[in-house]
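*Asks:* Pasting a structure here, questions to come.
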Amino acid sequence: MVYTENRLKIDHHSFHEKGNPYHLEKSGYVERKNDPADGRAYNIELTQKGEEVHKEHHTFHLKLAEDINGLLEPEELNQLTAILKKINHSL
């Protein structure tokens, strides 16, 4: 799989570096809605544009996992899984 510069820019720049709600709202990925239970608060919800990018991002990660899976032997995949589980449980 080829990971284009543009694709990485969309995934990384928009959601990780500018991941606060203001920037995401300004870019049209999320919208603020008043919380009916607490008038002082608001909820952040994905817009249609945000949903589309979220689905694309999820597909990107699934394909990446498939690509990694195809590179590893079964024993290596078991080792990687064990290491990732260990890291995940320690965070």
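According to my numbering, the stretch in the sequence shown is residues 17 to 107, in order. We treat Cβ as the ideally placed atom computed from N, Cα and C, and that holds for glycine.
1. Could you tell me which uninterrupted beta strand (DSSP E) segments, each at least 3 residues in length, are contained entirely in the stretch 37-65, listed from first to last along the chain?
2. Return the CA-CA distance between A81 and A53, expressed in angstroms with no decimal places.
3. Specify whether the stretch 69-81 and the stretch 93-107 touch according to this definition: at least 3 beta carbon pairs, one from each stretch, less than 8 Å apart.
4. Identify whether L87 lies in helix, strand or coil by the three-state DSSP scheme.
5. Is the Cβ-Cβ distance between E61 and K49 less than 7 Å?
6. Verify whether the separation of the beta carbon atoms of Y45 and K65 is less than 7 Å.
7. How many angstroms separate the CA atom of L108 from the CA atom of H74?
*Replies:* Per the coordinate set shown:
1. 46-51 and 54-62
2. 40 Å
3. No, because fewer than three Cβ pairs between the stretch 69-81 and the stretch 93-107 fall closer than 8 Å, the two stretches do not touch.
4. If DSSP states are grouped into helix, strand and coil, L87 belongs with the helices.
5. yes
6. A contact, by the Cβ cut-off of 7 Å.
7. One cannot answer for residue 108 here, as it falls past the ends of the chain, which runs 17 to 107.
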